[in-house]
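Undergrad: Take the sequence shown: its letters are residues 72 to 205, numbered as in my numbering.
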Amino acid sequence: MNTIASTDFTRLLAESVRSEKNAILRDIAAREGLLPLHADIGGVVVLDRNGEILSKGWEDTGFKVERMRNLRLASLVEGAQKYPELRALLPDKPSTARECPECDGTGRLAMAKELGLLCGRCGGLGWLDEVIAS
Ligand SMILES: [Zn+2]
């Protein structure tokens with residue numbers, strides 16, 4: 072698994088505490104030491120210092136490891152838009168990968184371009200490998 076350096080994580084976390092506009096997410100960064108990647112009506116997805124992706128529903132008390140691959144990917148893609156260092160955590164595109172037909176390889180849904188919604192099929196990567204396609 073790809074990782075980011077602990078010093079990078081510390082810097083990104085400090086940046087999140089300083090600049091995150093959403094008070095709940097800022098609080099998660101400040102109090103729990105977790106870097107918010109994605110939040111929606113269902114809950115929040117964060118990155119911990121070990122490079123693990125965790126999630127929590129708004130009703131839940133604690134974070135747990137997020138198992139849905141596409142949500143993991145999409146959260147990382149979204150996080151990397153804000154923190155380019157996180158690109159290191161995205162999977163490398165295998166030579167056998169094919170362009171995602173859902174988004175024509177853009178990683179974004181064409182019908183909702185102005186909303187910037189990531190493609191749910193490829194998780195925003197723009198390509199599919201055997202694992203994602205299955
Ligand atoms: Zn796609």
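Ideal Cβ placement from N, Cα and C applies to all residues, glycine included.
I'd like to check one pair, Ala101 with Val88: are the Cβ atoms closer than 8 Å?
TA: Along the sequence shown, one-based indexing puts residue 88 at 17. Along the sequence shown, one-based indexing puts residue 101 at 30. Judged by beta-carbon spacing, Ala101 lies within the 8 Å limit of Val88, meaning their Cβ atoms are closer than that value.
Undergrad: List the DSSP bridge partners of Leu189.
TA: The count along the sequence shown starts at 1 and reaches residue 189 at position 118. Paired residue(s): Arg179.
Undergrad: Which one or two residues does DSSP pair with Pro107 in a beta bridge?
TA: For the purposes of this step, residue 107 is taken as the residue at position 36 of the sequence shown. Its beta-bridge partners are Val117.
Undergrad: Apply the 10 Å Cβ neighbour rule to Leu186 and answer buried if 16 or more other Cβ atoms are within range, or exposed otherwise.
TA: Taking the sequence shown and counting its residues from 1, the one referred to as residue 186 is at position 115. It counts as exposed.
Undergrad: Taking one C-beta from the segment 152–169 and one from the segment 73–88 each time, how about it: are there three or more such pairs within less than 8 Å?
TA: yes
Undergrad: Compute the distance between the beta-carbons of Ala168 and Asp175, then report whether it is under 8 Å.
TA: Sequence index remark: in the sequence shown, residue 168 carries index 97 (1-based). Sequence index remark: in the sequence shown, residue 175 carries index 104 (1-based). No, they are not a contact pair.
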